[in-house]
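Written out below as structure tokens is the structure these notes cover.
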Amino acid sequence: MHDKTLTELAAGLAAGEFTSRELTEHLLARIERLDGTLNSFITVTAEQALAAADAADAARARGEAGALTGVPVAIKDLFCTEGVLTTAGSRMLADFVSPYDATVVERLKAAGTVSLGKLNLDEFAMGSSNENSAFGAVKNPWDSRAVPGGSSGGSAAAVAAGLAPAAMGTDTGGSIRQPAAFCGITGLKPTYGRVSRWGIIAYASSLDQAGPMARSAADCALLMNAIAGHDHRDSTSVARGVPDYTEELAAPLAGLKIGLPREYFGDGLAPEVEAAVREAVKVYESLGATVREVSLPHTHYAIPAYYVIAPAEASSNLSRYDGVRFGHRCKNPSDLIDLYKRSRAEGFGEEVKRRILIGTHTLSEGFFDAYYKKAQQVRRLIRQDFLDAFEEVDVLMGPASPTPAFDLGANKDPVAMYLQDIYTIAVNLAGIPGISVPAGFAGGRPVGLQILGTHFAEPRLLNVAHQFQQATDWHLRRPELAEETA
């Protein structure tokens, strides 16, 4: 059962081929047997999962089942989940049990899904490799020497390894799309405001966006039907109707206009990644699409702008973790200042401290205009680049990452690590949606094709991704670890 897509599992449950409890027990056994190597889960909620599976089976027996009733999923440990440890991958929140559900979790429960547990991540979502977790690094199912990407590395690894058919991730600068690419799965970053951020532990509030990670675009469409929509508790949530994301999946691509940003195919892009992406584009041409080169001239400013804006917002958001109101509290402080200093020094990891320091500096008197204000001006230019491009083409395509997954410990230089997000960060600055789909391999490790659309173009992106997956089988490939039977 673990080799089926979420869509196939939903159909199997509806046809009575197996029960939700049978499916859940199968996956829990698989997690117990295989995740000791991968380290993709922080918390496995076996007892709650089986209870939810039984409830789903009972609802189906009463004729009250929906499209996702009884389907197991897993949740990145950044989403508050009532009665369950919610750590953000940090020692700062190592003992925090949330008293409420995030909106996304609430909606998934209402749809009848079964949560298998909480997934590992870079601490407070700050990282591109999932090596920054206080609970240890996650390993890539395709090669245990490699990183799974980050920050949603646990989500990507669990799906790729067949421990869960789908997972929830968050994307602040590529944290859904890059790990999806590294692990050979499909990951959708929705338009900013399309999915509620309420109950998600914040990193950078103007950039964070939750989204689905699964094996196929069809799976992501099913999940978007459950999680998208306005939430009055989230002031950044957009009051806009929600379409049926599965409705346009089968639409033909004849006449589709594809733009290839020339800035995405220059220095730094691994030749084997470029070759895989260009082969994917040829598939689209065979499906009736036309291709042209476009320009996003301010792309090279995206990383410096992001690493001013995101740390500034992180500095503000993480100031609440002081050992008094929230978070880890040091032992035997000598005074209030000692309490603050040691609690934060002990609770936060090195990368989080680095970004807090950067953010605090850029927001300080004398530097705000020079750095933060200027970065926001650059952000507006980057957004306009995308809007101008979408006047000419329907979607943009390019690599999700300049390289395949790199080895654990290979990127010790923080700047080199930041450059891994060169093709994803601008998307968050502009607030547009993007999806990464499997498009080949380089040295035995997956390569992801990134497809971008204008604001609220998720139905079109899912259609474009789905048609590619109907014409190829990259998304059906499984790592050897995932092909083992439980």
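Numbering (the numbering used here), first residue to last: 1 to 486. We put the CB at the ideal spot given by N, CA and C, even for glycine.
| Check | Outcome |
| --- | --- |
| Report the rounded CA-to-CA distance for Thr37 versus Ser155, giving the unit in angstroms. | 15 Å |
| Which of helix, strand or coil does DSSP assign to Ala482? | Here the model assigns Ala482 a pLDDT of 49, short of 50, so the residue's position is not dependable and the matter cannot be decided. |
| So, for Ala46: in the same chain, excluding its five sequence neighbours on each side, which residues have a beta-carbon less than 6 Å away from its beta-carbon? | Leu28 |
| Any idea if Asn463 is buried or exposed, counting beta-carbon neighbours within 10 angstroms, 16 or more meaning buried? | buried |
| Just checking my contact of Ser175 with Ala125 at CB under 8 Å: how many whole Å lie between their CB atoms? | 6 Å |
| What do you reckon, are the CB atoms on Lys554 and Ile185 nearer than 7 Å? | Any answer about residue 554 is impossible in this case: the structure gives the chain only from 1 up to 486. |
| Compare the C-alpha of Lys341 against each of Ala302, Pro402, Asp322, Asn428 and name the closest. | Asp322 |
| Does the beta-carbon of Asp385 have 16 or more other beta-carbons within 10 angstroms, so that it is buried, or is it exposed? | buried |
| Threshold first: 4 residues or longer. Then list the alpha helix (DSSP H) segments lying entirely within the segment 237-280, N to C. | none |
| Give a yes or no on contact between the segment 342-352 and the segment 385-404, applying the rule of three or more CB pairs nearer than 8 Å. | no |
| Under a three-way DSSP split, which group does Tyr371 fall into? | helix |
| What's the gap between the Cα of Leu34 and the Cα of Leu163? | 8 Å |
| Please specify which runs of the alpha helix (DSSP H), each continuous and at least 4 residues long, are wholly inside the segment 144-197, giving them in chain order. | 153-160, 177-183 |
| Please classify Met397: does DSSP put it in a helix, a strand, or coil? | strand |
| Given 8 Å as the limit, is there contact between the segment 323-343 and the segment 290-310, that is, 3 or more CB pairs closer than that? | no |
| Let me know if Asp3 comes out buried or exposed under the rule of 16 or more other beta-carbons within 10 Å of its beta-carbon. | exposed |
| For the pair the segment 18-25 and the segment 92-111, tell me if three or more CB-CB distances fall below 8 Å. | no |
| Mind checking Thr485: buried by the 16 CB within 10 Å criterion, or exposed? | Low confidence applies to Thr485: its pLDDT is 43, below 50, so where it sits in the model is not reliable, and the reading given next is rough at best. Under this definition Thr485 is an exposed residue. |
| How would you call Gln377, buried or exposed, if buried means at least 16 neighbouring beta carbons within 10 angstroms? | exposed |
| In this structure, how does DSSP classify Met417 when only helix, strand and coil are distinguished? | helix |
| On the DSSP letters alone, give me the boundaries of the alpha helix (DSSP H) that Arg344 sits inside. | 336-347 |
| Between which two residues does the alpha helix (DSSP H) carrying Ser436 extend? | Here Ser436 belongs to no alpha helix (DSSP H); instead the beta strand (DSSP E) covers 434-442. |
| Apply the 10 Å Cβ neighbour rule to Gly448 and answer buried if 16 or more other Cβ atoms are within range, or exposed otherwise. | buried |
| On the three-state DSSP scale, how would you describe Ala51? | helix |
| If Ala214 sits next to Ile200, beta carbons under 8 Å apart, how far is it from one beta carbon to the other, in whole angstroms? | Not really, about 19 Å apart at Cβ, beyond 8 Å. |
| Run through DSSP, which three-state label would Tyr307 get? | helix |
| Starting from Val104, trace the alpha helix (DSSP H) both ways and give me its first and last residue. | 103-110 |
| Are the beta-carbon atoms of Ala389 and Ile435 separated by less than 7 Å? | no |
| Identify whether Ser115 lies in helix, strand or coil by the three-state DSSP scheme. | strand |
| Would you check if the distance between the CB atom of Ala204 and the CB atom of Ala310 is smaller than 7 Å? | yes |
| Do Ala14 and the ligand COA come close, with the Cβ less than 6 Å from some heavy atom? | The ligand content of the structure shown is nil, which means the ligand COA is not present either. |
| Between the alpha carbons of Val281 and Arg445, how many angstroms are there, rounded? | 20 Å |
| Quickly, what does DSSP pair Leu449 with across the bridge? List them, please. | Pro399, Val437 |
| What are the boundary residues of the alpha helix (DSSP H) that includes Phe468? | 458-471 |
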